[in-house]
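There are 2 protein chains.
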Amino acid sequence: VVATTDSLVEGVHFRLDLCSARDVGFKAASTNLSDLAAMGSRPLTLLANLCLPGGREESLAIGITTGIRDACRRFGVGVSGGNLSASPGPVMVAVTALGEGLGDRFLTRSGARPGDDIWISGPVGDAALGLKLLSDHPGLARRFASLATAYRRPVARVELGLRLRETPGVTAAIDVSDGLVADLCHVLEASGVGAVLDLDAVPISCVARRFASVVGADLRATALCGGEDYHLLVCARPDVRAGVEFLGLERIGRVTARKGLKIPGIRGGLPRGYRHFT
Amino acid sequence: VVATTDSLVEGVHFRLDLCSARDVGFKAASTNLSDLAAMGSRPLTLLANLCLPGGREESLAIGITTGIRDACRRFGVGVSGGNLSASPGPVMVAVTALGEGLGDRFLTRSGARPGDDIWISGPVGDAALGLKLLSDHPGLARRFASLATAYRRPVARVELGLRLRETPGVTAAIDVSDGLVADLCHVLEASGVGAVLDLDAVPISCVARRFASVVGADLRATALCGGEDYHLLVCARPDVRAGVEFLGLERIGRVTARKGLKIPGIRGGLPRGYRHFT
Numbered sequence: 025v026v027a028t029t030d031s032l033v034e035g036v037h038f039r040l041d042l043c044s045a046r047d048v049g050f051k052a053a054s055t056n057l058s059d060l061a062a063m064g065s066r067p068l069t070l071l072a073n074l075c076l077p078g079g080r081e082e083s084l085a086i087g088i089t090t091g092i093r094d095a096c097r098r099f100g101v102g103v104s105g106g107n108l109s110a111s112p113g114p115v116m117v118a119v120t121a122l123g124e125g126l127g128d129r130f131l132t133r134s135g136a137r138p139g140d141d142i143w144i145s146g147p148v149g150d151a152a153l154g155l156k157l158l159s160d161h162p163g164l165a166r167r168f169a170s171l172a173t174a175y176r177r178p179v180a181r182v183e184l185g186l187r188l189r190e191t192p193g194v195t196a197a198i199d200v201s202d203g204l205v206a207d208l209c210h211v212l213e214a215s216g217v218g219a220v221l222d223l224d225a226v227p228i229s230c231v232a233r234r235f236a237s238v239v240g241a242d243l244r245a246t247a248l249c250g251g252e253d254y255h256l257l258v259c260a261r262p263d264v265r266a267g268v269e270f271l272g273l274e275r276i277g278r279v280t281a282r283k284g285l286k287i288p289g290i291r292g293g294l295p296r297g298y299r300h301f302t
Numbered sequence: 025v026v027a028t029t030d031s032l033v034e035g036v037h038f039r040l041d042l043c044s045a046r047d048v049g050f051k052a053a054s055t056n057l058s059d060l061a062a063m064g065s066r067p068l069t070l071l072a073n074l075c076l077p078g079g080r081e082e083s084l085a086i087g088i089t090t091g092i093r094d095a096c097r098r099f100g101v102g103v104s105g106g107n108l109s110a111s112p113g114p115v116m117v118a119v120t121a122l123g124e125g126l127g128d129r130f131l132t133r134s135g136a137r138p139g140d141d142i143w144i145s146g147p148v149g150d151a152a153l154g155l156k157l158l159s160d161h162p163g164l165a166r167r168f169a170s171l172a173t174a175y176r177r178p179v180a181r182v183e184l185g186l187r188l189r190e191t192p193g194v195t196a197a198i199d200v201s202d203g204l205v206a207d208l209c210h211v212l213e214a215s216g217v218g219a220v221l222d223l224d225a226v227p228i229s230c231v232a233r234r235f236a237s238v239v240g241a242d243l244r245a246t247a248l249c250g251g252e253d254y255h256l257l258v259c260a261r262p263d264v265r266a267g268v269e270f271l272g273l274e275r276i277g278r279v280t281a282r283k284g285l286k287i288p289g290i291r292g293g294l295p296r297g298y299r300h301f302t
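Protein sequence lines, in the order shown, are assigned to chains Z and C.
The first sequence begins at 25 in our numbering and counts up by one.
The second sequence begins at 25 in our numbering and counts up by one.
Below is the structure:
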């Protein structure tokens with residue numbers, strides 16, 4: 025059995041004026057299932073731990089557990105139990121996900137080798153723009169509803185993780201939770217390698233482009249540094265390109281022996297994504 | 025695999041002026057291991073999820089994880105991982121414990137039958153008096169150090185749980201976290217039975233008696249309603265008395281077909297132990 029745990033804290037990871045308690049539950053489940061997906065583990069069950077302020081506890085508990093069940097139904101997982109506690113502080117949801125043991129074949133962050141291709145399973149930046157939409161431009165929320173959904177109801181790429189695990193030549197994987205650059209750097213550091221990223225190849229959705237042009241958001245920075253899309257970032261040997269492409273991934277760079285991340289067209293530093301403590 | 029999860033929240037379950045971060049970590053691990061013990065499951069590993077306010081996060085994280093490791097070493101368990109998040113609110117520790125699968129033989133709350141004996145694995149009230157000692161009588165803390173330890177470093181009865189699971193005729197078990205009366209009532213409700221409790225047979229430690237007499241605490245109410253001792257409360261058929269006694273348990277009552285809990289010598293209502301939301 026493989027286990028992973030993650031928490032969402034009100035005021036840090038979510039605001040209840042921008043999403044419902046049910047969304048929070050969905051996201052808390054999704055982020056943990058996404059961690060399992062990045063290892064190539066089939067999820068078995070979830071345990072949820074809720075710490076809720078008194079007075080609102082009933083509606084919050086119902087909303088959050090309903091959202092967790094939504095996610096479990098969608099990704100074919102059973103909820104096995106949980107715990108509810110009072111708290112004087114913010115709403116907190118800690119979820120632990122258990123997945124099938126992986127035997128001798130599983131995906132890690134540390135297997136990338138020079139010459140590998142770098143792949144991503146879908147467009148990045150939608151969730152970060154969804155947050156911007158909801159907090160700064162609520163009047164546009166209906167027009168750009170898919171961005172709001174990307175932020176509120178992120179998809180764990182469970183099936184894709186299982187397929188990648190079975191694909192020979194896949195050397196490393198991670199889910200993009202902190203941001204493309206931040207999570208790629210996690211892989212590079214764990215693998216002791218560097219990379220060159222092809223900025224023009226990084227997929228960005230049409231709706232993200234439209235929204236960014238309407239509100240004047242920095243699309244490139246958002247795509248590189250916005251988190252919470254939960255796409256899988258994958259490294260694979262160049263001789264398995266056809267197989268990885270067949271799974272719908274897009275090639276966005278290559279691994280180099282020389283350490284550090286190079287992004288031609290970008291000068292100077294980039295923010296490295298969300299950091300809890302500075 | 026069996027899994028259980030529980031959380032400790034600052035201001036609800038602990039105060040950092042009454043115990044150290046290391047104590048909090050120890051207790052967070054112990055309470056979860058105690059849940060496994062009450063099922064008769066051998067613990068395999070723990071995952072910890074910490075939500076910590078910025079500024080104090082480093083010393084808190086080190087203290088709490090050291091305490092978790094203390095408990096894991098003591099009870100022979102490996103820590104497998106965890107997650108650290110910032111929080112604007114109180115310190116929160118959520119632990120998930122994984123234990124060995126139980127096959128067809130395991131302990132539940134729901135198996136008690138009329139005629140069963142009720143047993144407890146040790147004295148109750150020490151932890152609650154320890155809390156009273158630390159909060160109301162800190163000047164006496166050295167003299168009654170074992171009460172403070174009972175409160176700060178509760179023992180999960182892991183080995184006893186495994187032995188009880190192997191003992192035929194044991195019909196139900198629970199760990200006393202909320203209080204003797206509260207947790208006994210959980211068993212009675214789950215089993216659809218009642219009980220008569222023998223107040224004089226309920227074990228109370230000598231140090232608890234001395235402390236209660238010095239400060240004028242209500243010893244009986246504390247023994248019945250004080251939580252966090254994490255002793256195992258067990259029901260077993262009367263024909264296996266010798267076997268259960270051999271494990272060091274003390275007999276404190278019997279299960280009845282008539283529902284409800286009777287405690288001869290106690291009139292009127294008793295507080296039913298800690299409740300998170302009222």
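The C-beta atom is built at its ideal place from N, Cα and C for all residues, glycine as well.
Requested in this report: Would you identify the three-state DSSP class for C/V179, choosing helix, strand or coil?
Outcome: To locate residue 179 of chain C, count along the second sequence from 1; it is residue 155. If DSSP states are grouped into helix, strand and coil, C/V179 belongs with coil.
Query raised in the report: So, is the C-beta of Z/I213 closer than 9 Å to a C-beta in chain C?
Result: By one-based count along the first sequence, residue 213 of chain Z stands at place 189. One point to set straight first is that residue 213 of chain Z is Glu, not Ile, in the sequence displayed. Not a single C-beta of chain C is nearer than 9 Å to the C-beta of Z/E213.
Query - DSSP three-state assignment for Z/C96, whether helix, strand or coil - result: Position 72 of the first sequence, counted from the start, is the residue given in the question as residue 96 of chain Z. Of the three classes helix, strand and coil, the one that applies to Z/C96 here is helix, per DSSP.
Query raised in the report: Which residues in the same chain have their Cβ closer than 7 Å to the Cβ of C/P192, if we skip the five residues on either side of it in sequence?
Result: Taking the first residue of the second sequence as 1, we reach residue 192 of chain C at position 168. Here the set comprises V264.
Query raised in the report: Leaving out five residues before and five after Z/G78 in sequence, what residues of the same chain have Cβ atoms less than 6 Å from its Cβ?
Result: As a position in the first sequence, residue 78 of chain Z is number 54, starting the count at 1. Contacts found: A110.
Query raised in the report: Whose CA, out of C/T29, C/G35, C/S159, lies closest to the CA of C/N73?
Result: Here residue 73 of chain C refers to the residue found at position 49 of the second sequence. With distances taken between Cα atoms, C/N73 lies closest to C/T29.
Query - 8 Å Cβ shell around Z/G100 - same chain, five flanking residues per side excluded - result: Position 76 of the first sequence, counted from the first residue, corresponds to residue 100 of chain Z. Its chain contains P67, V182 as the residues whose beta carbon lies nearer than 8 Å to that of Z/G100, once the 5 sequence neighbours on both sides are disregarded; these appear in chain order.
Requested in this report: Report the residue ranges of all beta strand (DSSP E) runs contained in full by the stretch 207-253 of chain Z; include only those spanning at least 3 residues, in chain order.
Outcome: Taking only runs of at least 3 residues, the beta strand (DSSP E) segments lying wholly in the stretch 207-253 of chain Z are 218-221.
Query raised in the report: For C/T28 and chain Z, any beta-carbon pair shorter than 9 Å?
Result: Mapped onto the second sequence, residue 28 of chain C falls at position 4. Chain Z, which has a Cβ nearer than 9 Å to the Cβ of C/T28, makes this yes.
Query raised in the report: Taking 9 Å as the CB-CB cut-off, is Z/E34 touching chain C?
Result: Along the first sequence, read from residue 1 onward, the residue named residue 34 of chain Z stands at position 10. With 9 Å as the cut-off, Z/E34 counts as an interface residue toward chain C.
Query raised in the report: Do the CB positions of C/Y254 and C/V179 come within less than 9 Å of each other?
Result: Counting from 1 along the second sequence, the entry for residue 254 of chain C is found at position 230. Counting from 1 along the second sequence, the entry for residue 179 of chain C is found at position 155. Yes.
Query raised in the report: If C/V26 and C/G125 are in contact, beta carbons under 8 Å, what's the gap, nearest whole angstrom?
Result: Taking the second sequence and counting its residues from 1, the one referred to as residue 26 of chain C is at position 2. Taking the second sequence and counting its residues from 1, the one referred to as residue 125 of chain C is at position 101. Under the criterion of beta carbons closer than 8 Å, C/V26 and C/G125 qualify as touching, at roughly 6 Å.
Requested in this report: Pick out whichever of C/G35, C/D41, C/K51 has its Cα sitting closest to the Cα of C/S201.
Outcome: The residue given as residue 201 of chain C occupies position 177 in the second sequence. Closest by alpha carbon: C/K51.
Requested in this report: For my contact list, Z/I92 and Z/L70 are in at a C-beta cut-off of 8 Å; report their separation, rounded to the angstrom.
Outcome: Along the first sequence, one-based indexing puts residue 92 of chain Z at 68. Along the first sequence, one-based indexing puts residue 70 of chain Z at 46. A Cβ-Cβ separation of about 7 Å places Z/I92 in contact with Z/L70 under the 8 Å criterion.
Report task. Identify, in the order they occur along the chain, each residue of the same chain with its Cβ nearer than 6 Å to the Cβ of C/V226, setting aside the five sequence neighbours on each side. Result -> Reading the second sequence from its first residue, position 202 is the one you call residue 226 of chain C. Around C/V226: A247, I276.
Query raised in the report: For the beta strand (DSSP E) that C/D30 lies in, which residues bound it at each end?
Result: To locate residue 30 of chain C, count along the second sequence from 1; it is residue 6. Per DSSP, C/D30 belongs to the beta strand (DSSP E) from 26-33.
**Report entry** Proximity of Z/P112 and Z/G35 at Cβ, strictly below 9 Å
**Finding:** What you label residue 112 of chain Z is simply residue 88 of the first sequence in a count that begins at 1. What you label residue 35 of chain Z is simply residue 11 of the first sequence in a count that begins at 1. Taking 9 Å as the Cβ cut-off, Z/P112 and Z/G35 do not qualify as a contacting pair.
Query raised in the report: Quick one: Cα of C/A196 to Cα of Z/S54, how far?
Result: If you number the second sequence from 1, residue 196 of chain C lands on position 172. If you number the first sequence from 1, residue 54 of chain Z lands on position 30. The alpha-carbon of C/A196 is positioned some 36 Å away from that of Z/S54.
Requested in this report: Could you confirm whether any beta carbon from chain Z is found closer than 9 Å to the beta carbon of C/G102?
Outcome: Translated into positions along the second sequence, residue 102 of chain C becomes position 78. No, its Cβ sits nowhere closer than 9 Å to a Cβ of chain Z.
Query raised in the report: Taking three-plus beta-carbon pairs below 8 Å as touching, is the stretch 155-162 of chain C in contact with the stretch 214-225 of chain C?
Result: Counting Cβ pairs under 8 Å, fewer than three are found: no touch.
Report task. Run down chain Z in chain order and give the residues with a C-beta less than 8 Å from the C-beta of C/G106. Result -> Within the second sequence, the letter at position 82 stands for residue 106 of chain C. Within chain Z, the residues T29 have their CB atoms less than 8 Å from the CB of C/G106, given in chain order.
Query raised in the report: What residue range is occupied by the uninterrupted alpha helix (DSSP H) comprising C/E269?
Result: In the second sequence, counting from the first residue as 1, residue 269 of chain C sits at position 245. Under the DSSP assignment, C/E269 falls in the alpha helix (DSSP H) whose first and last residues are 265-270.
Query - Sheet register partners of Z/S109 (DSSP bridge) - result: Your numbering for residue 109 of chain Z matches position 85 in the first sequence. Under DSSP, Z/S109 shares a beta bridge with Z/C75.
**Report entry** Residue nearest to C/L285 in terms of C-alpha spacing, selected from C/M116, C/R189, C/P138, C/G251
**Finding:** Along the second sequence, one-based indexing puts residue 285 of chain C at 261. The shortest Cα separation from C/L285 among C/M116, C/R189, C/P138, C/G251 belongs to C/P138.
Query raised in the report: The beta strand (DSSP E) spanning Z/V119 covers which residue range?
Result: By one-based count along the first sequence, residue 119 of chain Z stands at place 95. Here the beta strand (DSSP E) through Z/V119 covers 116-123.
**Report entry** C-beta neighbour in chain C for Z/M63, strict 9 Å
**Finding:** Position 39 of the first sequence, counted from the start, is the residue given in the question as residue 63 of chain Z. With 9 Å as the cut-off, Z/M63 does not count as an interface residue toward chain C.
Report task. If I'm right that Z/D41 touches Z/A121 with Cβ under 8 Å, what's the distance once you round it to whole angstroms? Result -> Counting from 1 along the first sequence, the entry for residue 41 of chain Z is found at position 17. Counting from 1 along the first sequence, the entry for residue 121 of chain Z is found at position 97. Not really, about 28 Å apart at Cβ, beyond 8 Å.
**Report entry** Outcome for Z/E81 when other beta-carbon atoms lying within 10 angstroms are tallied against a minimum of 16
**Finding:** As a position in the first sequence, residue 81 of chain Z is number 57, starting the count at 1. Answer is buried; the Cβ neighbour count reaches 16.
Query raised in the report: Does any residue of chain C bring its CB to less than 9 Å from the CB of Z/S201?
Result: Along the first sequence, read from residue 1 onward, the residue named residue 201 of chain Z stands at position 177. It does not: the Cβ of Z/S201 has no partner Cβ on chain C nearer than 9 Å.
Requested in this report: Give a yes or no on whether the minimum CB-CB distance between Z/T195 and chain C is below 9 Å.
Outcome: Here residue 195 of chain Z refers to the residue found at position 171 when the first sequence is read from its first residue. Cβ-Cβ to chain C under 9 Å: no for Z/T195.
Query - C/D160 burial status per 10 Å Cβ neighbour count (16 or more: buried) - result: Position 136 of the second sequence, counting from 1, holds the residue named residue 160 of chain C. With a 10 Å radius around the Cβ and a threshold of 16 neighbouring Cβ atoms, C/D160 comes out exposed.
Requested in this report: Please name the residue, chosen from C/L184, C/R234, C/V239, C/W143, that lies closest to C/D207 on a Cα-to-Cα basis.
Outcome: Counting from one through the second sequence, the residue named residue 207 of chain C turns up at place 183. When only C-alpha atoms are compared, the closest one is C/W143.
Query raised in the report: Buried or exposed: C/P147, going by 16 or more other Cβ atoms within 10 Å of its Cβ?
Result: Walking along the second sequence from the start, residue 147 of chain C turns up at place 123. Per the 10 Å Cβ criterion, buried.
Requested in this report: May I ask which residues mark the beginning and end of the alpha helix (DSSP H) holding C/A49?
Outcome: As a position in the second sequence, residue 49 of chain C is number 25, starting the count at 1. Here residue 49 of chain C turns out to be Gly, not Ala, going by the sequence shown. 45-63 is the span of the alpha helix (DSSP H), which, as asked, contains C/G49.
Query - For C/F38: DSSP bridge partner residues - result: Here residue 38 of chain C refers to the residue found at position 14 when the second sequence is read from its first residue. C/E34, per the DSSP bridge assignment.
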